[in-house]
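Letter 20 of the sequence shown, counting from 1, is numbered 23 in my numbering, and no numbers are missing.
Inspection log for the structure reproduced underneath, given as structure tokens.
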Amino acid sequence: MGLVSQAVHDGGRHVIGVIPKTLMPRELTGETVGEVKAVADMHQRKAEMAKHSDAFIALPG
């Protein structure tokens with residue numbers, strides 16, 4: 004996800020990362036790209052992503 008979001012950001016587009024607060028200490032280990040929005044749980048994460056998206060692409064890993 005990091006490479007995709009970096010490429011999108013480098014292309015001049017807006018990037019929003021949505022992460023549950025409980026995962027922030029473990030997952031946010033370095034510099035972030037774009038806007039990072041902390042939410043309460045995975046259910047709220049999926050709802051927030053759907054609110055800001057036109058489509059989803061699933062990648063392995």
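Built from N, CA and C at the ideal position, the CB exists for glycine as well.
Check: What's the C-alpha gap between Gly14 and Pro23?; Outcome: 27 Å
Check: Residues in its own chain within less than 7 Å of Asp44 by CB, not counting five upstream and five downstream?; Outcome: Pro23
Check: Gln9 and Val39: beta carbons closer than 8 Å?; Outcome: no
Check: I'd like to confirm the pairing. Which residues does DSSP put opposite Ile22 in its beta bridges?; Outcome: Ala41
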